[in-house]
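**Q**
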Amino acid sequence: MSWRYAEAPGYGRRVDDLQLVREFAAAWNERDPVRVAKLVAPDVFFDRMRHPTRGAEALLEAMGRQSYGVGIFVFPHRAHGGDGRYAVVARSEWRYAESGEAAEVKDDAGAVFEIADGVITRFGPRPSLEAALADLGIGPDAPAVDL
């Protein structure tokens with residue numbers, strides 16, 4: 284499907300930060316580019332550990348690559364931080380696209396989210412919550428909330 288970021292209706296709508304994290308995970312897991320685009324800034328920083336990129340198009344291309352081989356599904360369950368900066372702990376499932384069978388499951392994967400003006404400005408997976416907290420300079424005693 285050919286897709287342009289500017290075609291996504293609803294960009295910039297205001298929602299609660301943590302609701303935004305939940306919506307992003309659901310849209311990613313459903314491989315829905317229009318919904319993902321509504322939730323991220325046009326210049327979102329997709330902070331992959333090895334190959335960081337900038338821009339919604341790059342993020343959506345990465346999501347498109349989840350439809351073959353092994354795709355990642357994310358189920359966030361707790362967020363630490365505040366003021367638009369969150370370290371999230373999630374269950375990550377790597378599943379074979381053809382069969383849906385699990386290749387690997389990790390219950391304590393991490394992710395960083397930065398949110399401003401009602402959209403995600405930075406997203407990046409991390410191997411653990413500790414790595415996400417360290418990345419954002421958030422201490423382990425930061426406020427936390429269940430998602």
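When we follow the numbering used here, the leftmost residue of the sequence shown carries the number 284, and every step to the right adds one. Glycine included, C-beta positions come from ideal geometry on N, C-alpha and C.
In whole angstroms, what is the alpha-carbon distance linking residue 387 and residue 408?
**A** Going by the C-alpha atoms only, they are around 15 Å apart.
**Q** Could you name the residues that DSSP lists as bridge partners for residue 356?
**A** Residue 356 pairs with 376.
**Q** Classify residue 400: buried if its beta carbon has 16 or more other beta carbons within 10 angstroms, exposed otherwise.
**A** Exposed.
**Q** Nearest by alpha-carbon distance to residue 322: which of 365, 308, 384 is it?
**A** Among 365, 308, 384, the Cα nearest to that of residue 322 belongs to 308.
**Q** Looking at the strands, I want to know which residues DSSP matches up with residue 319.
**A** Looking at the DSSP assignment, residue 319 forms no beta bridge with any residue, so it has no partner.
**Q** Under the rule that 16 or more other beta-carbon atoms within 10 Å means buried, what is residue 351, buried or exposed?
**A** The residue is exposed, with fewer than 16 neighbouring Cβ atoms inside 10 Å.
**Q** Helix, strand or coil: which one does DSSP assign to residue 305?
**A** Here residue 305 sits in helix by DSSP.
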